[in-house]
Every structure is written in C-alpha cells, then in structure tokens.
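Trainee: Those sequence lines, one after another, are chains W and D.
Its first residue numbered 1, the first sequence is counted upward by one per residue in my numbering.
Its first residue numbered 1001, the second sequence is counted upward by one per residue in my numbering.
We put the CB at the ideal spot given by N, CA and C, even for glycine.
Protein chains: 2
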Amino acid sequence: MSLWFTEKQTSSFGITAKVNRTLESENTDFQQLDMVETQEFGNMLLLDGMVMTTEKDEFVYHEMIAHVPLFTHPSPKNVLVVGGGDGGTIREVLKHSSVEKVTQVEIDGKVVEYSKKHLPHISCEYGNPRVELIIGDGFEHIIKSENRYDIILVDSTEPVGPAAGLFTKGFYAGIAKALKKDGIFVAQTDNPWFKADLIKNAIQDTKEIFPIARLYTCNIPTYPSGMWTFTMGSKVYDPLKVSIDKIFDINGKYYTPELHYASFVLPKFLQSLCK
Amino acid sequence: MSLWFTEKQTSSFGITAKVNRTLESENTDFQQLDMVETQEFGNMLLLDGMVMTTEKDEFVYHEMIAHVPLFTHPSPKNVLVVGGGDGGTIREVLKHSSVEKVTQVEIDGKVVEYSKKHLPHISCEYGNPRVELIIGDGFEHIIKSENRYDIILVDSTEPVGPAAGLFTKGFYAGIAKALKKDGIFVAQTDNPWFKADLIKNAIQDTKEIFPIARLYTCNIPTYPSGMWTFTMGSKVYDPLKVSIDKIFDINGKYYTPELHYASFVLPKFLQSLCK
C-alpha cells in the first residue's frame, strides 16, 4: 500500500507527500496533531492537517525567524517565543550568547511532547537552563507583560484554530507594550500568493504601532507557494542598518550575513502589498 | 466530479491542483502536451506531466530569465531563446528596445500552437517583426552558430525527454562559441532541494568555460520546492556590477532594480553547491 498525505493549502491547490508511516496522532485539547514519517522530508509535524515543520527543511524557518531580529538588536537579553512548540526557534535564539533567558509560551503541551520524542534535532534545547517553557496562552502572557522583552517572536500556526487571537491589531499593540523601549518583534505572516490580505493587514497594523515596519522572505518547500514572509516591527533598530561585521557565523544552513539584507528585498507584487 | 491534477516532483513529493477542465491534450512528436484550466493558477501548460507555465505565476520565471542578463549586457541586440515555446521569455526580451532581433528555436511547434490559443497573454509577441521563430533543435542551431548572439537564454524543460541533450558540458561549450566575445547566457537549472547535483554540475561546467559564472534564484509556486535557479555564464560583464541607474522600469510584477542584485544572494546550503 502506498500512502500519501495531502495538504490542501488553498481550496484548489496543495502539496502531497509519501508517508512511510504515521508515528503518532491525537486530537489534543486544541487541535489535531499528527506526526508522520515522510520519504522526502523525514519526520513531519502536522497541526490540523497543515505542515508545521519537517526534519529536512526546518532550518530555513527557524534560522530566519530568529537571526534576523536577534542580529538587528545590539544586545538581546530577554526573548519571548509565542508558539514554536517544536523547539526550533529557541534552538536558534540560544546561539546568541547575549541571550540570558528565552521564555516560550506554547498553548499545546502535546506539541512539545511529540517534538521531544520525534524531532530530537529540533527540540534539542528543551532542558537548557536559559529556557523557561510555559504551557499557556501567548496572548494572555503578552497582555500582562510590560517593558519586559528585547525580542518577541510569534512562531504561531495560521490564524485559524488556537492562533485566531493572534494576527490582530490588539495583539500587535500588546506586543509593543510587552517590549522594552528598543524592542523588536517578528511574526510569521504566511505567503503572498494565497494570503495577500493577511500580509497587507499585518504590515499596516505594524506600521501604525512601530516606527520601523518591514517584511522579509525566505523559501520553505513544504509551506504554501514555497515563499514565506515574516513581518518585523522595531522601535529603534533598523535591520538594514546593522553592521555586517556584527553578524557572527551561526553555523546554519540558510541565513548568512548577506542574506540578512537581501531577504528584505521584495518582488514588486509583494512591495505593493506593503504600501 | 472533482478533478485534481497531481505532479510528482520527486518520487515521493508533489503538488496537486484542482482542474476545472482539460482544454486540449495530445501526444506530440516529442512529448505529452496538456493544457488544463485550473482553479488556482488559471490555464496551465503541462509537458510530460510537469507544470511548465501557468497564467497566474508565469511572470516570475519570464521576467527573471530575461531581465537579469539583458540588463547585465550594456546593449543586447541579438538574442537567442532555446525552448520557451509559450512565448513568455520573448515577450520580456522585447521590452528592451536595444534588441533588434530575437531568434527562438523551439523543438515542438505544438507548444507554440497551444500557447497561442490558450495562453494569449504569454504568447502575445508571436508575430512581432523582431521575432524569428524556428521550429527545430536548439542544440543543432547553437552548434552551427558562431560569434552571433549577445545573449542566449535556455528556457528548456527538465533534462529528460527532448531536453536531455541540454545541460551537458558540450552544450555550454557550444553556447560559448555561439555567443559574441562579450556574450552572456542564462539557463534555467531547476531547484536546489531535489536537484542539487544538476545545479552543482551546471555551475561547475559554466565556471570552466566562462570567466563569470553565477547562480541566481526566484520563487515560483508551481515549480518544485518553490525556489528556482538560473545559471549565468558571462564572458565580460558582471551582473553585480551593473549600475542601478541603467535598469529601467520593465513594468513587471517581480523583477526590480534592487532584486537584480539580491537574487544572487544565496542561502548557505546553495552557496556550498556553487563552490
């Protein structure tokens, strides 16, 4: 028997991947959680039928959500990660020795549990004394935080299901309050081919609250359209004015000093979404 | 009935698209040719079951294969396009008023015929007096050309089927001979996630023959992995040394003056393929 998993990324387009076996599945308190072993991408974590991460291409997302803002800030000490239960984002954040503490607020403890078991190279930093893992609601955590974080990374699922409260203007305002006076946030904001409105709203909302608002992109084969965007809001530091000499080797496979800047250079159709 | 087309981009991964209807299909002298109307991407041209072009995302490929080399050359007059039967590449080439003649050698006249009928916004420049369309073998045309072209664009299918003769070192040597002493070629060279060896060979072969050999990328949602590469070989002109003032507005949707340079900035894993 040949098993194929298909994710409908829109109502009329999707990806399909050969599945060797299902490693574990359950309906958690928040979402449908599946861990499958694929032929092409290794172990793959799915939430509500959408690919969240795979062993083969996870490095792109995790390096790009973390290092672009962390190198933009001259000395990030306190970092908050909302979501990101697979652990890949905190793994990258911890490569910055200036970071004293990463607080992670993941709503679904099962995602962490499954990732520890089936994605050991991604979840490898759970247990690091610099990491505080809170199983809870990221929005609530942000609302009660004030002037606390240098960096906030919103490593959430799509704005459906448990992440529906994210991607709203109130959320961005809450982030601004939770950040220190020179803080930076980055949120994953989906792809421009099928979710143009989401990006348009995210960048507009960010512009209204942060003096510096920028979009940057990367290529992730298992995500819709292969092009992924991140929205950055920064109170003081401009990612394009970072001195290249400050960017040390993070020993990664995607992010490079030159790509730090180039990832902000947008195709014309995407530029027009940001106006 | 709900019809879905699936392209297996590797033996264990692919894309799937809802098809409203098949517009036309036939087994030509060279390949299986299908034109389908998809819900998400409009009309879609398939060769041997692989997506060649779609109405929604064709602009990326065509702008990027054409404008990067044409702006690298200070005054391109004679341009050769190998393949590219849908017409999108010549459409972009003709935006450069310095171009006196585009010669296109497409092996399969049926591709041109279907594109004229079903992809009118892509094939719109057939009939332009600056275009000479030759239905024939691109390799043979190159072999008998000497010191003739300013630019050669290899807009071929994958290196299977009729395009198997392309992507060889002999082909690149032939291209060098067919080019003028300051000529430039660009070939589409697939994606780095599933075809790393193809890229590695293409860039190595190019380096052995051309003083300037570089890879650049773009995002195409319907192509494998969403990241596409082009290999450029240039005898004299460096694409990274083009003065940005020389790049005029091509009235496109992807290529911009800034992206001209940024498209050469490669992720680390792709850089290592080019060493």
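Show which residues of chain W have a CB atom less than 7 Å away from the CB atom of D/LEU1259.
Mentor: Here residue 1259 of chain D is taken as the residue at index 259 of the second sequence, counted from 1. Chain W residues near D/LEU1259: VAL265 and PRO267.
Trainee: Do three or more CB pairs link the region 1043-1059 of chain D to the region 1216-1227 of chain D at distances below 8 Å?
Mentor: yes
Trainee: Can you list, in chain order, the residues of its chain with a C-beta nearer than 7 Å to that of D/ARG1214? Leave out the 5 residues immediately preceding and following it.
Mentor: Taking the first residue of the second sequence as position 1, residue 1214 of chain D is located at position 214. The residues are MET1232, PRO1239 and PHE1264.
Trainee: In whole angstroms, what separates the C-alpha of D/ILE1142 from that of D/LYS1101?
Mentor: Against the second sequence, residue 1142 of chain D aligns to sequence position 142. Against the second sequence, residue 1101 of chain D aligns to sequence position 101. Between the C-alpha atoms of D/ILE1142 and D/LYS1101 there is a straight-line separation of about 16 Å.
Trainee: What residues of chain D sit near W/ILE15, judged by a beta carbon separation below 8 Å?
Mentor: Taking the first sequence and counting its residues from 1, the one referred to as residue 15 of chain W is at position 15. What W/ILE15 touches in chain D: PHE1013, GLY1014, ILE1015 and THR1016.
Trainee: Residues of chain D with CB closer than 7 Å to the CB of W/GLU40, please, in chain order.
Mentor: Taking the first sequence and counting its residues from 1, one reaches residue 40 of chain W at position 40. Under the 7 Å cutoff, chain D gives THR1010, SER1012 and PHE1013.
Trainee: Counting only C-beta atoms, is D/GLN1271 closer than 9 Å to chain B at any point?
Mentor: Chain labels in this structure do not include chain B; the protein chains are W and D.
Trainee: Rounded to the nearest angstrom, how far is the Cβ of D/LEU1080 from that of D/TYR1126, given a contact under 8 Å?
Mentor: Counting from one through the second sequence, the residue named residue 1080 of chain D turns up at place 80. Counting from one through the second sequence, the residue named residue 1126 of chain D turns up at place 126. With 8 Å as the limit, D/LEU1080 and D/TYR1126 do not qualify as a contact, their Cβ atoms being about 16 Å apart.
Trainee: Whose C-alpha, out of W/GLY183, W/LEU119, W/TYR114 and W/ILE212, is nearest the C-alpha of W/ARG91?
Mentor: Along the first sequence, one-based indexing puts residue 91 of chain W at 91. For W/ARG91, the nearest C-alpha among the options comes from W/LEU119.
Trainee: Name the chain D residues whose beta carbon is nearer than 9 Å to that of W/ALA196?
Mentor: In the first sequence, the residue the question calls residue 196 of chain W occupies position 196. Here the premise fails: no neighbours, minimum Cβ distance about 12 Å.
Trainee: Could you give the first and the last residue of the continuous alpha helix (DSSP H) run that contains D/GLN1204?
Mentor: The count along the second sequence starts at 1 and reaches residue 1204 of chain D at position 204. Here the alpha helix (DSSP H) through D/GLN1204 covers 1196-1209.
Trainee: Quick one: residues in its chain with C-beta nearer than 6 Å to the C-beta of W/LYS95, no 5 flanking neighbours on either side, listed in chain order?
Mentor: For the purposes of this step, residue 95 of chain W is taken as the residue at position 95 of the first sequence. Once the five neighbours on either side are set aside, the close Cβ partners of W/LYS95 are ILE250.
Trainee: Listing by chain order, which chain D residues have their CB less than 8 Å from the CB of W/MET227?
Mentor: As a first step, residue 227 of chain W is located in the first sequence; it is residue number 227 there, counting from the start. Under the 8 Å cutoff, chain D gives ASN1219, PRO1221 and GLY1226.
Trainee: Any beta-carbon of chain W closer than 9 Å to the one on D/VAL1082?
Mentor: What you label residue 1082 of chain D is simply residue 82 of the second sequence in a count that begins at 1. Closer than 9 Å: no.
Trainee: Should D/PHE1041 be labelled buried (16 or more other beta-carbon atoms within 10 Å of its own) or exposed?
Mentor: Residue 1041 of chain D sits at position 41 when you count from the first residue of the second sequence. When all chains shown are included, D/PHE1041 counts as buried.
Trainee: Express the C-alpha separation of W/GLU113 and W/ILE134 in angstroms, rounding to a whole number.
Mentor: Here the question's residue 134 of chain W lines up with position 134 in the first sequence. Here the question's residue 113 of chain W lines up with position 113 in the first sequence. Cα to Cα, W/ILE134 sits roughly 13 Å from W/GLU113.
Trainee: Counting pairs of Cβ atoms below 8 Å between the region 1016-1031 of chain D and the region 1197-1208 of chain D, do you hit three or more?
Mentor: no
Trainee: Tell me whether the beta-carbon of D/MET1064 lies closer than 9 Å to the beta-carbon of D/THR1053.
Mentor: Against the second sequence, residue 1064 of chain D aligns to sequence position 64. Against the second sequence, residue 1053 of chain D aligns to sequence position 53. No, they are not a contact pair.
Trainee: I'd like to confirm something about D/GLN1271: is its beta-carbon nearer than 8 Å to some heavy atom of the ligand NAP, or not?
Mentor: Ligands in the displayed structure: none, and consequently the ligand NAP is not present.
Trainee: If you reduce the DSSP assignment to three classes, tell me which class D/THR1010 lands in.
Mentor: Mapped onto the second sequence, residue 1010 of chain D falls at position 10. Strand, per DSSP.
Trainee: What number of angstroms, rounded off, separates the C-alpha of W/CYS124 from the C-alpha of W/GLY87?
Mentor: Taking the first residue of the first sequence as position 1, residue 124 of chain W is located at position 124. Taking the first residue of the first sequence as position 1, residue 87 of chain W is located at position 87. The alpha-carbon separation between W/CYS124 and W/GLY87 amounts to approximately 7 Å.
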